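First comes the structure, then the notes that go with it.
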Amino acid sequence: MKKTISFILLLLLSSHLSYSGVTDTNRMWGVTIDAVGGLNAVVTSLQNLCKKPTTRIVFDEFIPASDYVNAVNQIHNVSFIMGELLDSYYMNQYSLAQYVARTNEYVNLLGSKVDIWEIGNEINGEWLGNTADVVAKMDTAYSIVKAQNKKTELTLYYNQDCWSNPKNEMFYWVNKNVSTKLRNGLDYVLVSYYEDDCNGLQPNWQKVFDSLHVLFPNSKLGIGECGTVVSGKKAAYINRYYKMNITTPNYIGGYFWWYYKQDCVPYTNALWTTLNNAFSNSAIPTSQASQISYLALTSNSVQIDWTNGNGTSRAVFLSEGVAGIAALTDGYTYTANSIFGLGSQAGAGWYCVYKGTGSSVTVSGLSPGTTYRVMVSDFNGNPGFEGYNKNTAVNNPVNIQSAMPVHLLYFNFAVEENAVRLKWATGKEVNNSGFTVERASPENPGQWINAGFVKGRGNVEFMTTYEFIDKNLAGGKYRYRIKQTDLNGNFEYFNLNGEVCIGAPEKFGLSQNYPNPFNNTSVIKYKIPNSGEAVLTPENVFIEMKVFDVTGKAVHTLVKQNQTPGYYEVKMTANHLSSGLYIYTLSADGMLIDAKKFALIK
């Protein structure tokens with residue numbers, strides 16, 4: 006609330022606006038100009054800011070909209086615009102009809118150059134007049150602006166600990182006077198606060214904005230006015246407000262300095278540099294990268310992955326060891342090199358291995374079997390103006406380890422009917438826990454199934470051979486790989502070259518049951534060929550397997566169905582049979598293929 010024609014400059018870099026300057030989609034930045042005179046110097050100072058601003062113009066009382074056309078046009082050349090319909094100090098000097106007429110006049114004449122309209126400034130201030138009249142003005146202005154499909158903004162006055170009338174306290178006033186329509190529909194809700202007017206109180210802003218988010222769940226939130234006339238406090242206030250780290254959903258900042266013209270015009274003034282550095286170096290993301298994971302590719306390289314925070318870019322730092330964090334400096338441009346040890350350092354031993362917008366990097370130049378520590382920092386800003394998030398997060402930083410040097414000499418296979426015999430050998434092993442054998446089919450190439458595990462030899466300097474048999478496979482093509490894991494849980498993959506094909510048998514076969522003799526349960530294997538016998542059709546064979554006693558009487562049927570060529574086994578349960586000798590037969594399309602005996606002992 007000021008008694009002069011003022012320009013409040015918001016650096017609103019949101020997704021619905023586009024321009025050639027630096028884009029910050031997460032934050033709103035602002036300053037204030039409190040007089041129209043010297044507009045050229047003002048425009049020049051704005052043009053030289055490191056980020057292209059959005060100028061919020063506080064239109065003065067009883068001044069026609071036409072008087073602002075020149076200023077709006079000049080400011081629009083270097084920035085976007087948000088227009089404040091009337092400063093709170095003058096609200097009680099307007100009747101409802103006058104306020105409606107003023108709103109229509111300004112929106113109709115300047116609407117093509119104004120992107121956001123502030124429909125009420127410090128709306129809960131006790132100096133605004135009759136509450137019912139204030140609410141009517143606010144609601145009407147909202148409807149007029151929304152009818153023209155423009156963005157709306159409402160500024161509240163934070164006075165929880167320094168008000169004279171409790172009914173004007175910010176949260177109380179909102180609950181009593183702001184309709185559900187506005188709570189759900191306002192595009193922006195900002196807070197005006199001058200701590201010098203509240204005895205230096207610094208509110209718990211995290212709590213304030215968390216509470217506002219409950220009241221305005223769809224609105225972008227921030228600080229709408231701040232500043233001080235005390236020269237010795239200005240730099241400290243600028244740096245404190247512009248570096249606030251609030252994690253409330255939809256929080257976009259604000260912080261715009263009311264005394265921009267006095268302090269920062271011309272732009273050679275020292276406080277302009279302070280403010281510009283605050284813009285450029287303190288655009289710190291509120292959400293840090295997290296969930297760092299890694300895959301040891303070789304004994305000297307790893308792939309590092311992470312989940313991005315809400316910064317525009319990420320910087321990844323790696324150090325040898327198990328403790329500590331990178332010592333990042335805002336405004337410093339680190340040079341990345343994915344070969345460990347060649348990038349810029351952020352503190353002793355912390356080398357930058359990646360800088361960009363992605364979420365993965367492959368780092369080489371590592372020592373085998375060595376533990377490293379990884380930290381990922383989300384940041385905003387152009388080179389020389391970076392603002393780094395220096396906080397830790399879930400699984401950030403984390404310790405990783407380069408792969409143990411297991412040297413694979415060969416990895417091959419042999420097909421044995423419906424089984425695959427895998428063989429491999431290592432020339433050297435260090436800290437080797439073992440090998441997980443994994444299988445995938447062409448139908449599901451990305452779905453690797455655990456087929457089994459072969460224990461490793463730990464630490465050996467000589468050749469070691471391994472073997473694994475993958476049994477009872479259906480016909481088809483398969484791929485194999487082995488996952489070598491060390492005793493610390495680190496792993497790497499070795500792939501089998503080519504595909505393994507399990508074909509159909511060349512002829513019928515009936516195996517002896519196992520075990521034999523047996524008590525109660527035994528397994529019988531058999532196979533059906535693809536062709537070669539007149540009774541067969543390749544797609545469909547009627548198979549019967551029966552059990553007979555020594556008198557030739559059929560006592561049990563094990564299989565009776567159509568089956569395709571392939572390898573089969575059936576589990577025989579003989580609960581209902583007595584001890585003795587029996588015969589089981591295999592028939593295909595009514596023709597006897599083979600018969601064998603078994604002994605049942607109970």
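For what it's worth, my numbering labels the leading residue of the sequence shown as 6, then goes sequentially.
Note that beta-carbon positions come from the ideal geometry of N, C-alpha and C, so glycine has one too.
All values reported here derive from a predicted model rather than from experimental measurement.
DSSP bridge partner residues for residue 279 (one or two, in chain order):
By 1-based counting over the sequence shown, the position of residue 279 is 274. Answer is none; residue 279 lacks a bridge partner.
Between the stretch 267 to 277 and the stretch 309 to 319, do at least 3 Cβ pairs fall closer than 8 Å?
In short, these stretches do not touch, since the Cβ pair count stays below three.
Please state whether DSSP places residue 550 in a helix, a strand or coil.
Counted from its first residue, the sequence shown places residue 550 at position 545. The answer is strand: DSSP assigns residue 550 an E or B state.
Since residue 50 is in the alpha helix (DSSP H), which residue starts that stretch and which ends it?
As a first step, residue 50 is located in the sequence shown; it is residue number 45 there, counting from the start. Unbroken alpha helix (DSSP H) run through residue 50: 44 to 52.
Inter-residue Cα distance where the pair is residue 427 and residue 477:
Residue numbering aside, residue 427 sits at position 422 when the sequence shown is read from its first letter. Residue numbering aside, residue 477 sits at position 472 when the sequence shown is read from its first letter. Rounded to the nearest whole angstrom, the CA to CA distance from residue 427 to residue 477 is 14 Å.
Below 8 Å between beta carbons: does that hold for residue 576 and residue 528?
Your numbering for residue 576 matches position 571 in the sequence shown. Your numbering for residue 528 matches position 523 in the sequence shown. Contact: yes.
In the DSSP assignment, find the beta strand (DSSP E) that holds residue 418 and state where it starts and stops.
Stepping through the sequence shown from its first residue, residue 418 is reached at position 413. Looking at the DSSP string, the run of the beta strand (DSSP E) that includes residue 418 is 412 to 421.
Does the distance from the CB of residue 297 to the CB of residue 420 come in under 8 Å?
As a first step, residue 297 must be located in the sequence shown, where it is residue number 292. As a first step, residue 420 must be located in the sequence shown, where it is residue number 415. The answer is no: Cβ separation not under 8 Å.
To the nearest angstrom, how far is the alpha carbon of residue 145 from that of residue 105?
Position 140 of the sequence shown, counting from 1, holds the residue named residue 145. Position 100 of the sequence shown, counting from 1, holds the residue named residue 105. Going from the Cα of residue 145 to the Cα of residue 105 covers about 7 Å.
How many Å lie between residue 580 and residue 512 at the Cα?
Stepping through the sequence shown from its first residue, residue 580 is reached at position 575. Stepping through the sequence shown from its first residue, residue 512 is reached at position 507. Residue 580 and residue 512 have their alpha carbons spaced roughly 32 Å apart.
Out of curiosity, what's the CA-to-CA distance linking residue 275 and residue 136?
Walking along the sequence shown from the start, residue 275 turns up at place 270. Walking along the sequence shown from the start, residue 136 turns up at place 131. Going by the C-alpha atoms only, they are around 43 Å apart.
For residue 341, which residues in the same chain have their Cβ closer than 8 Å to its Cβ, ignoring the five residues on either side in sequence?
Numbered from its first residue, the sequence shown carries residue 341 at position 336. Cβ within range, chain order: 320, 321, 348, 349, 357, 358, 359, 360, 361.
Among 51, 209, 65, nearest to residue 228 - alpha-carbon criterion
Stepping through the sequence shown from its first residue, residue 228 is reached at position 223. When only C-alpha atoms are compared, the closest one is 209.
Do residue 56 and residue 284 have their CB atoms nearer than 8 Å?
Numbered from its first residue, the sequence shown carries residue 56 at position 51. Numbered from its first residue, the sequence shown carries residue 284 at position 279. The answer is yes: Cβ separation under 8 Å.
Does residue 33 come out as helix, strand or coil in the three-state DSSP assignment?
Numbered from its first residue, the sequence shown carries residue 33 at position 28. Strand, per DSSP.
For residue 230, count the other beta carbons within 10 Å of its own beta carbon; 16 or more makes it buried, fewer makes it exposed. Which is it?
By one-based count along the sequence shown, residue 230 stands at place 225. Residue 230 comes out buried.
Out of 61, 290, 246, which has the shortest C-alpha to C-alpha gap to residue 122?
Stepping through the sequence shown from its first residue, residue 122 is reached at position 117. If you compare the alpha carbons of 61, 290, 246 with that of residue 122, the shortest gap goes to 61.
Could you spell out where the beta strand (DSSP E) holding residue 321 opens and where it closes?
The count along the sequence shown starts at 1 and reaches residue 321 at position 316. Per DSSP, the continuous beta strand (DSSP E) segment holding residue 321 begins and ends at 318 to 325.
Leaving out five residues before and five after residue 195 in sequence, what residues of the same chain have Cβ atoms less than 6 Å from its Cβ?
Position 190 of the sequence shown, counted from the start, is the residue given in the question as residue 195. If we look at residue 195 and ignore the five residues flanking it on each side, its Cβ neighbours are 160, 227, 229, 259.
For the alpha helix (DSSP H) that contains residue 182, what are its first and last residues?
As a first step, residue 182 is located in the sequence shown; it is residue number 177 there, counting from the start. Run containing residue 182: 175 to 182, per the alpha helix (DSSP H) assignment.
C-alpha distance - residue 70 paired with residue 92, whole-angstrom precision:
By one-based count along the sequence shown, residue 70 stands at place 65. By one-based count along the sequence shown, residue 92 stands at place 87. Rounded to the nearest angstrom, the two C-alpha atoms are 15 Å apart.
Shortest alpha-carbon distance to residue 598 belongs to which of 523, 548, 264, 559?
For the purposes of this step, residue 598 is identified with residue 593 of the sequence shown, where counting begins at 1. Selected option, being the one with the closest Cα: 548.
Nearest by alpha-carbon distance to residue 304: which of 499, 199, 588, 473 is it?
Indexing the sequence shown from 1 puts residue 304 at position 299. Answer by Cα proximity: 499.
Can you tell me where the alpha helix (DSSP H) holding residue 190 begins and where it ends?
For the purposes of this step, residue 190 is taken as the residue at position 185 of the sequence shown. For residue 190, the enclosing alpha helix (DSSP H) covers residues 185 to 190.
Expected contact under 8 Å - CB spacing of residue 166 and residue 293 to nearest Å:
Start at 1 with the first residue of the sequence shown, and residue 166 comes out as number 161. Start at 1 with the first residue of the sequence shown, and residue 293 comes out as number 288. Contact doesn't hold; Cβ gap of about 32 Å is too wide.
Which same chain residues, not among the five before or five after residue 16, have their C-beta less than 6 Å away from its C-beta?
To locate residue 16, count along the sequence shown from 1; it is residue 11. Reliability of the predicted coordinates at residue 16 is poor, the pLDDT of 42 falling under 50, and no value is obtained from them.
Flag this pair as yes or no: are the beta carbons of residue 188 and residue 217 separated by less than 8 Å?
Along the sequence shown, one-based indexing puts residue 188 at 183. Along the sequence shown, one-based indexing puts residue 217 at 212. Not in contact: residue 188 and residue 217 (Cβ atoms no closer than 8 Å).
By the three-class DSSP mapping on this structure, what secondary structure does residue 195 have?
Locating residue 195 in the sequence shown gives position 190, where the first residue counts as 1. In the structure shown, the three-state DSSP call for residue 195 is strand.
To which residues of the same chain is residue 81 closer than 7 Å at the C-beta, ignoring the five residues directly before and after it?
Counting from 1 along the sequence shown, the entry for residue 81 is found at position 76. If we look at residue 81 and ignore the five residues flanking it on each side, its Cβ neighbours are 118.
Who pairs with residue 344 in a beta bridge, going by DSSP?
Taking the sequence shown and counting its residues from 1, the one referred to as residue 344 is at position 339. Looking at the DSSP output, residue 344 bridges to 369.
Taking the beta carbon of residue 142 as the centre, do at least 16 other beta carbons fall within 10 Å, making it buried, or is it exposed?
Counting from one through the sequence shown, the residue named residue 142 turns up at place 137. Buried is the call here.
Out of 448, 432, 451, 455, point me to the one whose CA is closest to residue 440's CA.
Within the sequence shown, numbered from 1, the residue matching residue 440 stands at position 435. Residue 440 has its Cα closest to that of 455, out of 448, 432, 451, 455.
Do residue 606 and residue 524 have their C-beta atoms within less than 8 Å of each other?
Residue mapping note: residue 606 aligns to position 601 of the sequence shown, counting from 1. Residue mapping note: residue 524 aligns to position 519 of the sequence shown, counting from 1. In this structure, residue 524 lies closer than 8 Å to residue 606 by Cβ.
Alpha carbon of residue 338 to alpha carbon of residue 485, nearest angstrom
As a first step, residue 338 must be located in the sequence shown, where it is residue number 333. As a first step, residue 485 must be located in the sequence shown, where it is residue number 480. So the two alpha carbons sit approximately 45 Å from each other.
Once the 5 residues before and after residue 111 are set aside, which same chain residues still bring their CB inside 7 Å of it?
Taking the sequence shown and counting its residues from 1, the one referred to as residue 111 is at position 106. A distance below 7 Å between beta-carbons, with the five flanking residues on each side excluded, links residue 111 to the following residues of its chain, in chain order: 64, 70, 88, 90.
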